[in-house]
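Asks:
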Amino acid sequence: MTTGGTSDGRFIAQMGAQVVELGPVNATIHKVNECVRIADLEKLTDMYQKTLNHLLG
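Numbering that gives the first Met the number 0 puts the sequence shown at residues 0 to 56.
#1: Taking 8 Å as the cut-off, decide whether the C-beta atoms of Leu21 and Leu43 are in contact.
#2: Could you say which of Val31, Lys30 and Asp45 lies nearest to Ile71 if we only look at CA atoms?
#3: In whole angstroms, give me the CA-to-CA distance for Ile28 and Cys34.
#4: Can the beta-carbon of Val19 be found less than 8 Å from the beta-carbon of Ile11?
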């Protein structure tokens, strides 16, 4: 179940819908000087592409 404060998914999940959240997770998320590694963005891009291919394929 999603509980994140930055996602509307938590409200949608309360209505019984399935919610999938994709994003990088690291120690600086939503903090001062937030950053993400390029390699993590590349993995995320691949996940988005595979997810879209599966859903729309």
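Cβ coordinates follow ideal geometry from the N, Cα and C atoms, glycine included.
Replies: Considering the structure as presented:
#1: yes
#2: Only positions 0 to 56 of the chain appear in the structure, and residue 71 is not among them; the question remains open.
#3: Answer to the nearest angstrom: the Cα atoms are 7 Å apart.
#4: no
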